[in-house]
Amino acid sequence: MARGKKVIQELQTQGYGGANTWGGPQKVKYYAPDGSVRISIPGQLSDRNGIIYDRLILQGYSLSPPETPKPHCAGCGKWHDTKEEVKVCVKKRKVDTAKWDNWAKKHQGKGQDKEIKELKDEVSELKDLMKQLLEKK
Ligand SMILES: [Zn+2]
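The sequence shown begins at 148 in my numbering and counts up by one.
Okay, here's the thing in structure tokens:
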């Protein structure tokens, strides 16, 4: 995170490069940790101390190409130091997703069973009531 902090400090003292004198939002060239380029309008966030953060830089982008490009991870949408880490992360995601799916299916099933049981109970109560009413006649 030290590098990101440095970039933010540079932003605060120097501003973004190539300030647009024509007005309107100036697009800035960002570099993703994997070295890919993204042209975007800077989105700035400021905390309660008035320190300005750049949205993309907080996400890991920088204003200069990375010295050691990091692989992008399809699992979490971020970047890891090594491809091995990406593999592990993607795998973990799959396992987690499968777990959640299973959990959801189980609970959904249980919920339906419960509803059906409640309905059955209600129906038998109604039947009893009907019987009672008919017997009274
Ligand atoms: Zn990941």
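All C-beta atoms in this analysis are idealised placements derived from N, C-alpha and C, irrespective of residue type, glycine included. All figures in this text were calculated on a predicted structure; none of them were measured in a lab.
Per-residue burial, residue i [other beta carbons within 10 Å of its own, 16 or more giving buried]
{"i": "His227", "result": "buried"}
{"i": "Ser211", "result": "exposed"}
{"i": "Gly197", "result": "exposed"}
{"i": "Gly256", "result": "exposed"}
{"i": "Val142", "result": "With the chain running from 148 to 284 in the structure shown, residue 142 is simply not present."}
{"i": "Val270", "result": "exposed"}
{"i": "Ala166", "result": "Residue confidence is low: Ala166 scores 47 on pLDDT, short of 50, so the model does not pin down where it sits. Its coordinate-derived value is still stated next. By the neighbour-count rule (16 or more Cβ atoms within 10 Å), Ala166 is not buried but exposed."}
Spatial neighbours of residue i in its chain, beta-carbon cut-off 6 Å, leaving aside the 5 residues before and after
{"i": "Lys230", "result": "Pro218"}
{"i": "Cys147", "result": "The question about residue 147 has no answer, for the chain in this structure spans 148 to 284."}
Beta carbon of residue i nearer than 8 Å to that of residue j
{"i": "Leu203", "j": "Gly190", "result": "yes"}
{"i": "Tyr178", "j": "Pro213", "result": "yes"}
{"i": "Tyr200", "j": "Ser209", "result": "no"}
Beta-carbon proximity list for residue i, same chain, < 7 Å, skipping 5 on both sides
{"i": "Lys174", "result": "Ile186, Ser187, Ile188"}
Close-in-space but distant-in-sequence residues of the same chain around residue i (CB under 8 Å, 5 per side omitted)
{"i": "Gly207", "result": "Gly151, Ala179, Pro180, Lys225, Trp226"}
Take every Cβ of the stretch 201–219, pair it with every Cβ of the stretch 173–186, and state whether three or more of those distances are shorter than 8 Å. Contact check between the stretch 201–219 and the stretch 173–186: three or more CB pairs, one atom from each, fall below 8 Å, which counts as touching.
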